[in-house]
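Residue numbers (the working numbering): 1 to 1265.
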């Protein structure tokens, strides 16, 4: 269970050097003048010091001691050599009688070589101390870090490095090196180097007989230093004469950064840095060289940090001892480092290595002096180079205009602050590089089936870039990156990619548009061609229904500013940090002194918690985290559990699940009884036990590449294959495509037919991309228009030419003359029909299109294409009318997808029945005869827009809750964060966020539990509270867009949330009648109220008075929580049965408006009377689902009712009714949804938004008058 104990800075302290036997032999040889000039000895492990350094006295021993690892303070190296049969641990010097062990992940056999990679030298003069750094990686990829200090001591006769005794007093002629290696789980290179530097001061002045005790005391102190939790809390401690800071990790997925990231910029030019990163991304065999061992690890670690969020998956040994050079013969990719003196040897003996000389900044291959590898795409590389040139990497220049520091602590603090900011800037620059390289990957992912369409992604790359991407896509590092993208991981990459999207990308992401080159992209392509970039490839793109715009490669080269990140984003300062100072180390390291140290630390943390509990919840969580760990070490299990319970409610992202589970299991009987008497601990214990009993389901981590099917496809398999290849995502559309391709019985699609259909689809994409439009034509088209279909050369009433179709219009490309000839915009078409035109003695099929505003009817002799174009034009015409009438652009894009599928089906079937089969896909043209196309005038005038929150999903989802949060006047990160937001709760705990200024999607999935979400509430622009069916209140941080807080005090599903804005007091209710009042700062329950009812469905607060909506009554509560008045459901509704679904209180009128779920009327009450005074019948309403008040209006959402039947399934209709609060009449009847209205919300009284159930699944935005 030691792995679950609190992490400390020190894992082990190892002392290494030559054995006393070897030193004695050497001394005698020197006396006899038999020693060679250069003396190299075999280093050995002399001592291993590992925690715990102090133990509870025997009479006080308890579970904490017995569960931990039992070790002696240090181990003395045995004089005799281990036998071949001994284990590495035995070879480390553990005697049979010693009840000790070393940390499992420390290899004592290899450690001496790594600590003395050039050998242990004996010199005839005193040398300065030297440091270098190590990284050990186990087979699971877990890293351990080491910092090594080399010191030199004179060799005296009969004395070893740490041997007690006087030794010979004669003058020594030789000095022997010894090393002290501090091993830590965490990469605190700078901090540990500072600690060793402090130790060095003591070792220089102490006697040989005292050195052992000094090192032991030093190691014991470091073992008391806890590791800071992820976040913005750094820890500081004093190890005289220095004050040392441990920086925290940004989050639990990132390592702590305690090194100077600008060191590689001193060693390499930006071009060479890009070469190195390209080699790592392509997983080459990379070897670093330097004459300074310290540089190897620091530069290697920096390179790996530059790759984030991509993680190096291959062998990594930044320091190779001279006896380990055979590692370079490994057949796999690797990153290793060795001394510069081996450069020629390594280059001559091995092939295909990438040789990186840190000292002169060169990058070459072992086969040649140049590097023959694909380079990083030039647009991303150029942007990176420009950013590097703007970096300020010289501290002295930064300090030119500052006063000189007379205090070393102040000077070190200034340097730390400067380095922290510079590291932040470098990380943003390298993250930008990764975003620019891999931005388009997400557009070729199918999340449902975890497919990456690699071939289609490659088609969007420049020919010169394809080899780079093809190589990268075959690497483990990229495969891991794909897993994170398919898991929709919200990391720094995802955030930067989102906030740096171009405006066109945001607009296109609002609809599922089949993707082709827009006119703006065509113009960019031509400008790039004029500049010398010849493009000959077809830029075909798949996944027409995934909805993400692709910034294709030629566009990046010519419009660099569209992929580079605005300076304002990169100049965003790092988040402010808080430094917490640990108490001074105890004078002695006895058990009671250490306990006193922990007690003082707990008191300081208590003061820190009190100071921030109402101001900064993030810092509060970190302090709870630390105090919980220290209480664990102190043996106060219940107090530790209390801290972790508070941590869980404050920030679940850093909750130590394993440690808490162990704490619960280790509780004594009396402690368990005490915990059961504390409700908050009882809840925590119950949750831990419940979670541990659940079957551990491993997340699906596989990534597939699309392959054509090899066997017959039935409907379910066909849906999967079509979604995997990215042609269409919508299930209903795929069903229609299946019936079209499987025309006849039995219903199935053969693999050969699927292959023909797929290939024809790809050919269509290529043909559309290769359309060469004259500049005169492009000037007449909108920037966002794309050419989707081109006819053969035909005769028309306007001359000979080709008909071109975009998403907005038809136009003619005449043969033999220039100019733009528009045939018709789809919204202007009045009639389309098939006719015939005379030609000699026969009549040729033609298509006639009548357009409003034009007297002449356009006629085209399309011959065999006539029926196809008739279907396509009618479908586009119907889709445009639907889109305009319903203010919903998705109708148009869906019609466009239908048209392309019609074309593909016609092309692949090539039978007499192909037109019949293809007509099954003309969905909008069919339903226009079954569903009234005209939207009522009142609806059309009030409806502003419709959006689809299920855009990235295969099927529509129910919109359960809507929440509008206002914009912010000031924001550091981006304009998008300043804008108001719309929060949408869909089925299965999924939350989608829209920018309420542009209605573009900001976050496509924030997962909040797994059950239905019932209510949402925004709090002070920083938090969104969400009540769930699983009885938990989830809290989303609006800045990070992550859910890291959970409130678990409710025992049943949370049904309502409200806030008293006068004192920012939050209230929540659950279905069992429990109402909790929360302190919004500390997230603790201030008061609990119970309402006697069968089910409590919602609560509202008016002027400090709480009103509750129960199934059979509306209850007003007194300040004490007891009912003051109750409006009961009328008897006639009780017999239906029916229940109250919603209510609105109008205090200024003294009225209460109520609606029932199965009654098409509103019931009005006077607040001082227990009987209703009026009932308002609602037209076309079978039940009320929700109500809100906007100005002097009451907006009412209604349940769906059956409408017109027909071939397009049972039609449902539902209404939003606008009531006049004064006259009690229906002011407007609004029809925009084809399923029940589930939720309503107001956007600053200017707009009302309505969300519907899954058969419609859309959000309508209404103007308020």
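Every residue gets a Cβ at the ideal spot worked out from N, C-alpha and C, and that includes glycine. None of these values were measured; they are calculated from a predicted model.
**Study point:** Exposed unless 16 or more other CB atoms sit within 10 angstroms - verdict on residue 947
**Key:** buried
Review point. Are the beta-carbon atoms of residue 1267 and residue 286 separated by less than 8 angstroms?
Key: No answer is possible for residue 1267: it lies beyond the span of the chain, which begins at 1 and ends at 1265.
**Study point:** Proximal residues to residue 333 (C-beta, below 7 angstroms), its chain only, five neighbours per side dropped
**Key:** 283, 284, 285 and 314
Point to revise | Option in 419, 380 and 404 with minimal Cα separation from residue 392 | key: Considering only alpha carbons, the answer is 419.
Exercise for review: Pick helix, strand or coil for residue 870, following the three-state DSSP scheme.
Suggested key: Residue 870: helix per DSSP, three-state reduction.
Check your understanding: Can you tell me the Cα-Cα spacing of residue 1177 and residue 1164, whole angstroms?
Key -> 11 angstroms
Practice item. List the endpoints of the continuous alpha helix (DSSP H) containing residue 438. Key: 408 to 438
Check your understanding: Straight-line CA distance for residue 126 to residue 304?
Key -> 37 angstroms
**Study point:** Reference residue 469; option with closest CA among 483, 449 and 438
**Key:** 438
**Study point:** Buried/exposed call for residue 598, threshold 16 Cβ in 10 Å
**Key:** buried
Point to revise | Cβ neighbours of residue 647 in the same chain (closer than 8 angstroms, five flanking residues each side left out) | key: 621, 624, 625, 628, 654 and 655
Exercise for review: Could you check what DSSP says for residue 1125 in three-state terms: helix, strand or coil?
Suggested key: Correct three-state label for residue 1125: strand.
Exercise for review: Rounded to whole angstroms, what's the CA-CA distance from residue 739 to residue 766? Just pull it up for me.
Suggested key: 26 angstroms
Practice item. Leaving aside the five residues before and after residue 1213 along the sequence, list all residues of the same chain whose C-beta is less than 7 angstroms from its C-beta, in chain order. Key: 1200, 1201, 1203, 1231 and 1234
Check your understanding: Roughly how many angstroms lie between the CA atoms of residue 575 and residue 906, to the nearest whole one?
Key -> Straight-line Cα distance between these residues: approximately 58 angstroms.
Check your understanding: Secondary structure at residue 658, three-state DSSP: helix, strand or coil?
Key -> helix
Review point. Closest to residue 1265 by CA distance: which of 1225, 1191, 673 and 773 is it?
Key: 1191
Check your understanding: Since residue 296 is in the alpha helix (DSSP H), which residue starts that stretch and which ends it?
Key -> 293 to 306
Point to revise | Buried/exposed call for residue 587, threshold 16 Cβ in 10 Å | key: exposed
Practice item. With DSSP as the reference, please indicate the residues paired to residue 1201 in a beta bridge. Key: 1213
Review point. Secondary structure at residue 218, three-state DSSP: helix, strand or coil?
Key: helix
Check your understanding: What's the gap between the Cα of residue 547 and the Cα of residue 325?
Key -> Here the model assigns residue 547 a pLDDT of 35, short of 50, so the residue's position is not dependable, and the following value carries that caveat. Residue 547 and residue 325 have their C-alpha atoms roughly 51 angstroms apart.
Check your understanding: Starting from residue 1153 and walking both ways along the beta strand (DSSP E), at which residues does that stretch end?
Key -> 1151 to 1156
**Study point:** Three-state class that DSSP yields for residue 492 in the structure shown
**Key:** helix
Practice item. Give the range of the beta strand (DSSP E) segment to which residue 800 is assigned. Key: 799 to 805
Practice item. Using 10 angstroms around the beta-carbon of residue 882, count the other beta-carbons present and answer buried if the total reaches 16, otherwise exposed. Key: Residue burial annotation: residue 882 is buried, with at least 16 other C-beta atoms found within 10 angstroms of its C-beta.
Review point. Which whole runs of the alpha helix (DSSP H) in the stretch 454 to 489 are 4 residues long or more, in chain order?
Key: 454 to 459, 463 to 473 and 476 to 486
Review point. By DSSP, does residue 629 sit in helix, in strand, or in coil?
Key: helix
Check your understanding: For residue 193, does the three-state DSSP call read helix, strand or coil?
Key -> helix
Point to revise | The alpha helix (DSSP H) enclosing residue 765, as first and last residue numbers | key: 751 to 769
Review point. In whole angstroms, what is the alpha-carbon distance linking residue 860 and residue 722?
Key: Cα to Cα, the separation comes out at about 34 angstroms.
Check your understanding: Under 8 angstroms, do residue 431 and residue 271 count as touching if we go by C-beta distance?
Key -> no
Review point. Taking contact to mean at least 3 C-beta pairs separated by less than 8 angstroms, is the stretch 774 to 782 in contact with the stretch 939 to 946?
Key: no
Check your understanding: Of the residues 744, 869 and 889, which one's Cα is nearest the Cα of residue 794?
Key -> 869
Exercise for review: Using DSSP bridges, identify the partner residues of residue 605.
Suggested key: According to DSSP, residue 605 bridges with nothing at all.
Practice item. Under 8 angstroms by Cβ, that's how I've got residue 1024 and residue 1038 pegged, so tell me the actual separation to the nearest angstrom. Key: Contact annotation, residue 1024 with residue 1038: C-beta distance approximately 6 angstroms; criterion of less than 8 angstroms satisfied.
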